[in-house]
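Notes for the one structure printed next.
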Amino acid sequence: MSHKLFISLLAISISLFSCNSEYKFILNSPKQIQINQELKISISEENNNPIDSVQFSIDSKKIYATANTTSLKINDYRLGKHTLTAIVFYKNKTKKVTKPIYFMADEGPEIYTYKVINTYPHDKSAYTQGLEYYNGFLYEGTGRKGTSSIRKVDLKTGKVLQSYDLDDKYFGEGITILNNKLYQLTWQNGIGFVYNLETFEKESEFKYTKSREGWGLTNNGKKLIKTDGTERIWFLNPDTLLEENYIEAYTNKQKVEKLNELEYINGKIYANIWQKNSILIVTPKNGKVEGVADLNGLKDLIEKEQKLVDDDEVLNGIAFDKENNRLFVTGKHWSKLYEIELLKK
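Spelled out as C-alpha coordinates, the structure:
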(Lines of atoms letter the chains of each structure in order from A and count residues from 1; the text may use other names and numbers.)
(Lines give C-alpha, C1' and ligand atoms only; values in the text may rest on other atoms or scores of the structure.)
Protein backbone atom coordinates (compact mmCIF):
# COMPACT_ATOMS: atom_id res chain seq x y z
CA MET A 1 0.00 0.00 0.00
CA SER A 2 1.35 3.42 -0.95
CA HIS A 3 1.98 6.02 1.70
CA LYS A 4 -0.55 8.45 0.13
CA LEU A 5 -3.29 5.78 0.03
CA PHE A 6 -2.62 4.87 3.65
CA ILE A 7 -2.94 8.54 4.70
CA SER A 8 -6.20 8.90 2.74
CA LEU A 9 -7.74 5.76 4.30
CA LEU A 10 -6.65 6.88 7.73
CA ALA A 11 -8.27 10.29 7.24
CA ILE A 12 -11.53 8.68 6.10
CA SER A 13 -11.47 6.34 9.08
CA ILE A 14 -10.93 9.20 11.53
CA SER A 15 -13.71 11.19 9.85
CA LEU A 16 -16.19 8.30 10.09
CA PHE A 17 -15.25 7.66 13.70
CA SER A 18 -15.75 11.34 14.55
CA CYS A 19 -19.14 11.44 12.84
CA ASN A 20 -20.33 8.32 14.65
CA SER A 21 -19.00 9.33 18.06
CA GLU A 22 -20.02 13.01 18.16
CA TYR A 23 -23.64 13.44 19.15
CA LYS A 24 -25.43 16.61 18.02
CA PHE A 25 -28.65 17.26 19.91
CA ILE A 26 -31.50 19.46 18.74
CA LEU A 27 -33.92 21.02 21.24
CA ASN A 28 -37.24 21.28 19.44
CA SER A 29 -39.69 24.01 20.49
CA PRO A 30 -41.35 27.13 19.06
CA LYS A 31 -39.46 30.44 19.21
CA GLN A 32 -42.48 32.08 20.81
CA ILE A 33 -45.85 30.93 22.08
CA GLN A 34 -48.96 32.50 23.60
CA ILE A 35 -49.57 31.46 27.20
CA ASN A 36 -53.00 30.00 26.45
CA GLN A 37 -51.36 27.41 24.18
CA GLU A 38 -49.76 24.13 25.20
CA LEU A 39 -45.99 24.10 24.95
CA LYS A 40 -44.48 21.00 23.33
CA ILE A 41 -40.76 20.27 23.79
CA SER A 42 -38.64 17.42 22.50
CA ILE A 43 -35.00 16.47 22.05
CA SER A 44 -33.57 14.68 19.03
CA GLU A 45 -30.14 13.68 17.77
CA GLU A 46 -29.02 14.84 14.34
CA ASN A 47 -28.02 11.36 13.17
CA ASN A 48 -30.80 9.52 15.03
CA ASN A 49 -28.34 8.10 17.57
CA PRO A 50 -30.02 6.66 20.66
CA ILE A 51 -30.75 8.76 23.76
CA ASP A 52 -31.04 7.13 27.19
CA SER A 53 -33.09 9.84 28.90
CA VAL A 54 -33.54 13.61 29.20
CA GLN A 55 -34.38 16.15 31.89
CA PHE A 56 -36.16 19.31 30.70
CA SER A 57 -36.48 22.61 32.56
CA ILE A 58 -37.71 26.16 32.00
CA ASP A 59 -35.27 28.57 33.61
CA SER A 60 -34.46 26.65 36.82
CA LYS A 61 -37.82 24.89 37.14
CA LYS A 62 -37.73 21.20 36.20
CA ILE A 63 -40.42 19.75 33.94
CA TYR A 64 -41.65 16.19 34.36
CA ALA A 65 -41.06 14.05 31.27
CA THR A 66 -41.46 10.32 30.67
CA ALA A 67 -39.63 10.23 27.35
CA ASN A 68 -37.68 12.45 24.97
CA THR A 69 -40.71 14.69 24.56
CA THR A 70 -43.11 16.49 26.87
CA SER A 71 -45.87 19.09 26.85
CA LEU A 72 -47.17 21.46 29.50
CA LYS A 73 -49.44 24.41 30.17
CA ILE A 74 -47.63 27.72 30.63
CA ASN A 75 -50.44 30.06 31.71
CA ASP A 76 -48.89 30.49 35.18
CA TYR A 77 -45.53 31.69 33.86
CA ARG A 78 -44.56 35.33 33.50
CA LEU A 79 -44.44 36.68 29.95
CA GLY A 80 -41.21 37.40 28.15
CA LYS A 81 -37.92 35.65 27.61
CA HIS A 82 -37.23 32.26 29.21
CA THR A 83 -34.53 29.65 28.78
CA LEU A 84 -35.36 26.07 27.85
CA THR A 85 -32.80 23.53 29.01
CA ALA A 86 -32.39 19.83 28.25
CA ILE A 87 -29.89 17.67 30.15
CA VAL A 88 -29.37 14.70 27.83
CA PHE A 89 -28.07 11.33 29.08
CA TYR A 90 -26.42 9.05 26.48
CA LYS A 91 -23.61 6.45 26.38
CA ASN A 92 -22.77 7.12 30.05
CA LYS A 93 -22.36 10.81 29.21
CA THR A 94 -24.41 13.97 29.69
CA LYS A 95 -24.79 17.10 27.61
CA LYS A 96 -26.62 20.35 28.28
CA VAL A 97 -28.58 22.02 25.48
CA THR A 98 -30.28 25.42 25.88
CA LYS A 99 -32.56 27.57 23.78
CA PRO A 100 -34.43 30.87 24.34
CA ILE A 101 -38.21 30.97 24.12
CA TYR A 102 -40.65 33.88 24.45
CA PHE A 103 -44.02 33.63 26.19
CA MET A 104 -46.55 36.08 24.74
CA ALA A 105 -49.92 37.38 25.92
CA ASP A 106 -52.97 35.33 24.97
CA GLU A 107 -54.75 38.29 23.35
CA GLY A 108 -54.17 41.83 22.16
CA PRO A 109 -54.61 44.83 24.48
CA GLU A 110 -57.83 46.81 24.80
CA ILE A 111 -57.57 50.27 23.25
CA TYR A 112 -58.62 53.27 25.36
CA THR A 113 -59.33 56.87 24.63
CA TYR A 114 -60.11 59.52 27.25
CA LYS A 115 -62.13 62.53 28.24
CA VAL A 116 -60.86 65.53 30.20
CA ILE A 117 -62.69 66.03 33.51
CA ASN A 118 -60.72 68.97 34.92
CA THR A 119 -57.69 71.07 34.03
CA TYR A 120 -55.26 72.46 36.61
CA PRO A 121 -52.18 74.69 36.37
CA HIS A 122 -48.78 72.99 36.42
CA ASP A 123 -45.34 74.52 36.87
CA LYS A 124 -43.93 74.88 33.36
CA SER A 125 -40.37 74.73 34.70
CA ALA A 126 -40.92 71.22 36.09
CA TYR A 127 -39.27 68.50 34.01
CA THR A 128 -41.66 65.92 35.43
CA GLN A 129 -40.18 62.48 36.18
CA GLY A 130 -42.48 61.21 38.91
CA LEU A 131 -45.96 62.14 40.13
CA GLU A 132 -48.06 60.95 43.08
CA TYR A 133 -51.25 62.03 44.84
CA TYR A 134 -51.23 61.59 48.61
CA ASN A 135 -53.46 62.97 51.39
CA GLY A 136 -54.84 65.79 49.26
CA PHE A 137 -51.57 66.95 47.70
CA LEU A 138 -49.52 66.19 44.63
CA TYR A 139 -45.92 65.11 45.09
CA GLU A 140 -43.61 65.50 42.13
CA GLY A 141 -40.08 64.47 41.23
CA THR A 142 -38.28 66.54 38.58
CA GLY A 143 -35.24 65.73 36.50
CA ARG A 144 -32.18 66.97 34.62
CA LYS A 145 -28.88 67.74 36.29
CA GLY A 146 -29.08 71.05 38.08
CA THR A 147 -32.89 71.16 38.23
CA SER A 148 -33.76 67.83 39.90
CA SER A 149 -35.97 68.05 42.97
CA ILE A 150 -38.82 66.63 44.99
CA ARG A 151 -41.87 68.82 45.56
CA LYS A 152 -45.15 69.03 47.43
CA VAL A 153 -47.69 70.80 45.22
CA ASP A 154 -51.16 72.24 45.69
CA LEU A 155 -53.39 70.56 43.13
CA LYS A 156 -55.80 73.42 42.42
CA THR A 157 -53.24 76.22 42.09
CA GLY A 158 -50.13 74.31 40.99
CA LYS A 159 -48.18 76.20 43.66
CA VAL A 160 -45.06 74.49 45.03
CA LEU A 161 -45.55 74.31 48.80
CA GLN A 162 -42.34 72.52 49.74
CA SER A 163 -39.26 71.37 47.85
CA TYR A 164 -35.81 69.84 48.16
CA ASP A 165 -33.16 70.18 45.45
CA LEU A 166 -30.80 67.35 44.57
CA ASP A 167 -27.09 67.80 44.14
CA ASP A 168 -26.28 68.95 40.60
CA LYS A 169 -24.58 65.62 39.81
CA TYR A 170 -27.89 63.76 40.05
CA PHE A 171 -30.60 63.40 37.40
CA GLY A 172 -33.78 62.83 39.39
CA GLU A 173 -36.30 60.22 38.25
CA GLY A 174 -39.44 58.51 39.56
CA ILE A 175 -40.87 58.90 43.06
CA THR A 176 -43.35 57.05 45.28
CA ILE A 177 -44.67 57.24 48.85
CA LEU A 178 -44.85 54.20 51.14
CA ASN A 179 -45.06 53.97 54.95
CA ASN A 180 -44.67 57.74 55.36
CA LYS A 181 -41.42 57.72 53.38
CA LEU A 182 -40.81 59.30 49.98
CA TYR A 183 -38.57 57.30 47.65
CA GLN A 184 -36.79 58.79 44.64
CA LEU A 185 -34.66 57.24 41.90
CA THR A 186 -31.79 58.75 39.94
CA TRP A 187 -31.27 57.98 36.29
CA GLN A 188 -27.74 56.65 35.74
CA ASN A 189 -26.13 56.96 39.17
CA GLY A 190 -27.44 53.58 40.31
CA ILE A 191 -28.71 55.11 43.53
CA GLY A 192 -32.01 56.04 45.13
CA PHE A 193 -32.92 58.23 48.09
CA VAL A 194 -35.32 57.83 51.02
CA TYR A 195 -36.81 60.99 52.55
CA ASN A 196 -38.94 61.83 55.56
CA LEU A 197 -42.28 62.69 53.96
CA GLU A 198 -43.07 65.56 56.33
CA THR A 199 -39.70 67.33 56.35
CA PHE A 200 -38.11 66.13 53.04
CA GLU A 201 -35.01 65.35 55.08
CA LYS A 202 -32.93 62.69 53.36
CA GLU A 203 -32.73 59.67 55.67
CA SER A 204 -30.87 57.08 53.62
CA GLU A 205 -29.71 55.90 50.22
CA PHE A 206 -30.00 52.59 48.38
CA LYS A 207 -28.40 51.03 45.33
CA TYR A 208 -30.03 49.07 42.54
CA THR A 209 -27.64 46.66 40.85
CA LYS A 210 -29.84 44.20 38.97
CA SER A 211 -31.92 46.73 37.08
CA ARG A 212 -30.08 48.77 34.48
CA GLU A 213 -31.08 52.33 35.40
CA GLY A 214 -33.64 54.27 37.44
CA TRP A 215 -36.72 55.43 35.52
CA GLY A 216 -40.23 55.10 37.01
CA LEU A 217 -41.31 54.21 40.55
CA THR A 218 -44.56 53.26 42.31
CA ASN A 219 -45.70 50.76 44.96
CA ASN A 220 -48.50 48.28 45.58
CA GLY A 221 -48.66 48.88 49.33
CA LYS A 222 -46.16 46.09 49.98
CA LYS A 223 -43.30 46.46 47.51
CA LEU A 224 -41.70 49.22 45.49
CA ILE A 225 -42.11 48.80 41.74
CA LYS A 226 -39.59 50.33 39.33
CA THR A 227 -38.70 50.51 35.65
CA ASP A 228 -35.23 50.74 34.14
CA GLY A 229 -35.87 51.83 30.55
CA THR A 230 -36.35 48.31 29.19
CA GLU A 231 -39.43 46.08 29.11
CA ARG A 232 -38.73 44.97 32.69
CA ILE A 233 -40.69 46.01 35.77
CA TRP A 234 -38.84 45.26 39.01
CA PHE A 235 -40.23 44.57 42.49
CA LEU A 236 -38.14 45.82 45.42
CA ASN A 237 -38.29 44.73 49.04
CA PRO A 238 -39.18 47.90 51.02
CA ASP A 239 -36.98 46.86 53.97
CA THR A 240 -33.80 45.86 52.12
CA LEU A 241 -34.60 47.85 48.93
CA LEU A 242 -33.16 44.98 46.88
CA GLU A 243 -34.67 43.92 43.54
CA GLU A 244 -36.29 40.58 44.29
CA ASN A 245 -37.95 39.71 40.99
CA TYR A 246 -39.34 41.20 37.78
CA ILE A 247 -41.95 40.87 35.06
CA GLU A 248 -41.64 41.88 31.40
CA ALA A 249 -44.29 43.85 29.51
CA TYR A 250 -45.51 41.90 26.47
CA THR A 251 -48.50 41.99 24.16
CA ASN A 252 -49.55 38.99 22.08
CA LYS A 253 -47.06 40.13 19.42
CA GLN A 254 -44.10 41.95 20.98
CA LYS A 255 -42.37 43.31 24.05
CA VAL A 256 -42.88 46.94 25.02
CA GLU A 257 -39.68 48.76 25.95
CA LYS A 258 -38.82 52.20 27.39
CA LEU A 259 -41.30 51.83 30.25
CA ASN A 260 -41.06 55.00 32.29
CA GLU A 261 -43.23 56.69 34.94
CA LEU A 262 -45.49 54.31 36.89
CA GLU A 263 -48.65 54.32 38.98
CA TYR A 264 -50.35 51.38 40.71
CA ILE A 265 -54.12 51.69 40.20
CA ASN A 266 -56.73 49.18 41.35
CA GLY A 267 -54.41 46.19 41.09
CA LYS A 268 -52.85 47.16 37.76
CA ILE A 269 -49.60 48.92 36.80
CA TYR A 270 -50.06 52.00 34.63
CA ALA A 271 -46.91 52.96 32.73
CA ASN A 272 -45.82 55.81 30.49
CA ILE A 273 -43.70 54.89 27.48
CA TRP A 274 -40.75 57.24 26.96
CA GLN A 275 -41.33 59.52 23.95
CA LYS A 276 -44.86 58.21 23.46
CA ASN A 277 -47.98 60.05 24.58
CA SER A 278 -49.65 56.90 25.79
CA ILE A 279 -50.19 54.77 28.89
CA LEU A 280 -49.95 51.00 29.19
CA ILE A 281 -52.07 48.99 31.62
CA VAL A 282 -50.03 45.99 32.76
CA THR A 283 -50.97 42.93 34.82
CA PRO A 284 -48.53 42.66 37.77
CA LYS A 285 -48.78 38.86 37.86
CA ASN A 286 -47.19 38.15 34.49
CA GLY A 287 -46.56 41.39 32.55
CA LYS A 288 -49.48 41.12 30.13
CA VAL A 289 -50.30 44.45 28.48
CA GLU A 290 -54.06 44.53 29.00
CA GLY A 291 -54.68 48.00 27.66
CA VAL A 292 -53.17 50.93 25.79
CA ALA A 293 -54.49 54.46 26.23
CA ASP A 294 -53.82 56.86 23.36
CA LEU A 295 -53.34 60.35 24.86
CA ASN A 296 -51.90 62.09 21.82
CA GLY A 297 -54.86 64.45 21.94
CA LEU A 298 -53.55 65.91 25.19
CA LYS A 299 -50.30 66.84 23.46
CA ASP A 300 -52.32 68.56 20.73
CA LEU A 301 -54.34 70.35 23.41
CA ILE A 302 -51.33 71.65 25.32
CA GLU A 303 -49.60 72.74 22.09
CA LYS A 304 -52.41 75.22 21.52
CA GLU A 305 -50.90 77.15 24.42
CA GLN A 306 -47.19 76.32 24.29
CA LYS A 307 -44.59 74.93 21.91
CA LEU A 308 -43.25 71.51 22.97
CA VAL A 309 -39.84 70.07 22.11
CA ASP A 310 -40.49 66.91 20.06
CA ASP A 311 -39.37 63.62 21.63
CA ASP A 312 -38.51 65.38 24.90
CA GLU A 313 -41.36 67.40 26.39
CA VAL A 314 -43.73 64.45 26.24
CA LEU A 315 -46.47 63.02 28.43
CA ASN A 316 -44.84 61.85 31.67
CA GLY A 317 -46.52 61.74 35.02
CA ILE A 318 -49.42 59.62 36.32
CA ALA A 319 -51.09 60.11 39.71
CA PHE A 320 -54.20 58.51 41.19
CA ASP A 321 -56.53 59.71 43.94
CA LYS A 322 -57.83 56.39 45.21
CA GLU A 323 -60.45 57.83 47.57
CA ASN A 324 -62.12 59.91 44.87
CA ASN A 325 -61.22 57.72 41.87
CA ARG A 326 -59.42 60.55 40.06
CA LEU A 327 -56.64 60.03 37.48
CA PHE A 328 -54.18 62.85 36.81
CA VAL A 329 -51.60 63.15 34.04
CA THR A 330 -49.13 65.78 32.91
CA GLY A 331 -45.93 66.08 30.90
CA LYS A 332 -42.39 67.43 31.01
CA HIS A 333 -42.53 71.23 31.10
CA TRP A 334 -46.29 71.15 30.51
CA SER A 335 -48.16 74.17 31.84
CA LYS A 336 -51.25 72.08 32.58
CA LEU A 337 -52.15 68.99 34.58
CA TYR A 338 -55.23 67.06 33.45
CA GLU A 339 -57.74 65.00 35.36
CA ILE A 340 -58.95 62.44 32.84
CA GLU A 341 -61.20 59.42 32.58
CA LEU A 342 -60.09 56.50 30.41
CA LEU A 343 -62.74 55.07 28.10
CA LYS A 344 -62.63 51.82 26.15
CA LYS A 345 -62.69 52.62 22.46
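In terms of the working numbering, the sequence shown has 207 at position 93, counting the first letter as 1, and numbering is strictly consecutive. Built from N, CA and C at the ideal position, the CB exists for glycine as well. If you're wondering where the values come from, they're calculated on a predicted model, not measured in any experiment.
Partner residues in the beta bridge of W348, as assigned by DSSP, are K340, Y360. Contact annotation: the stretch 322-331 does not touch the stretch 403-422, with fewer than three C-beta pairs closer than 8 Å.
The stretch 190-201 makes contact with the stretch 212-221; the number of CB pairs closer than 8 Å reaches 3 or more.
The continuous beta strand (DSSP E) containing D435 extends over residues 429-435. Sixteen is the threshold: when 16 or more other Cβ atoms of the shown chains lie within 10 Å of the Cβ of I387, as they do, the residue is buried. Under the three-state reduction of DSSP output, I289 falls in the strand class. In the three-state DSSP reduction, K209 falls in the strand class (E or B). Taking a cut-off of 8 Å on C-beta distances, the stretch 271-289 touches the stretch 243-260, as three or more cross pairs fall below it. Relative to the Cα of K270, the nearest Cα in the group E455, K450, N400, K458 belongs to K450. Under the three-state reduction of DSSP output, D414 falls in the helix class. Only residues of its own chain outside the window of five on either side were considered, and among them I291, N294, K295, L296 have a CB closer than 7 Å to the CB of L311, listed in chain order.
According to the DSSP assignment, N182 belongs to no beta strand (DSSP E), since it is labelled neither H nor E.
Taking the Cα of S325 as reference, the smallest distance to any Cα among E317, V308, E315, I347 is reached at I347. The beta-carbon distance between T341 and L376, rounded to whole angstroms, is 6 Å. This is short enough to meet the 8 Å contact definition.
The beta-carbon distance between N182 and S156, rounded to whole angstroms, is 6 Å. This is short enough to meet the 8 Å contact definition.
Residue pairing by DSSP places V370 opposite no residue, since no beta bridge is assigned to it. Only buried fits F170, as 16 or more other CB atoms lie within 10 angstroms of its CB. E427 counts as buried, since at least 16 other C-beta atoms from the protein chains shown sit within 10 angstroms of its C-beta. The stretch 273-282 makes no contact with the stretch 431-448; the number of CB pairs closer than 8 Å stays below 3.
Annotation for S263: T256, S277, Y278, D279, L280, G286 place their beta carbon closer than 7 Å to its own, counting only its chain and skipping 5 residues before and after. Comparing alpha-carbon positions, the option among R258, I339, L409 lying closest to N303 turns out to be R258. Under the three-state reduction of DSSP, T256 is assigned to strand. Within the stretch 262-330, the beta strand (DSSP E) runs of at least 3 residues that lie entirely inside it are, in chain order, 263-267, 274-279, 286-292, 295-300, 305-310, 316-321. A contact between stretches requires three or more CB pairs, one per stretch, nearer than 8 Å, and the stretch 203-211 meets this requirement with the stretch 136-147. Looking at the backbone, the Cα of F203 and that of T212 are separated by about 15 Å. Around the CB of I231, fewer than 16 other CB atoms lie within 10 Å, so the residue is classed as exposed.
The beta-bridge partner set that DSSP reports for I395 consists of Y384, G405. Per DSSP, the unbroken beta strand (DSSP E) holding V168 starts and ends at 167-172. Less than 8 Å separates the beta-carbon of L373 from that of A363. By the criterion of a C-beta distance shorter than 7 Å, T397 is surrounded in its chain by K382, E404, once the five residues flanking it on both sides are discounted. If you check the CB distance, R192 and I361 come in under 8 Å.
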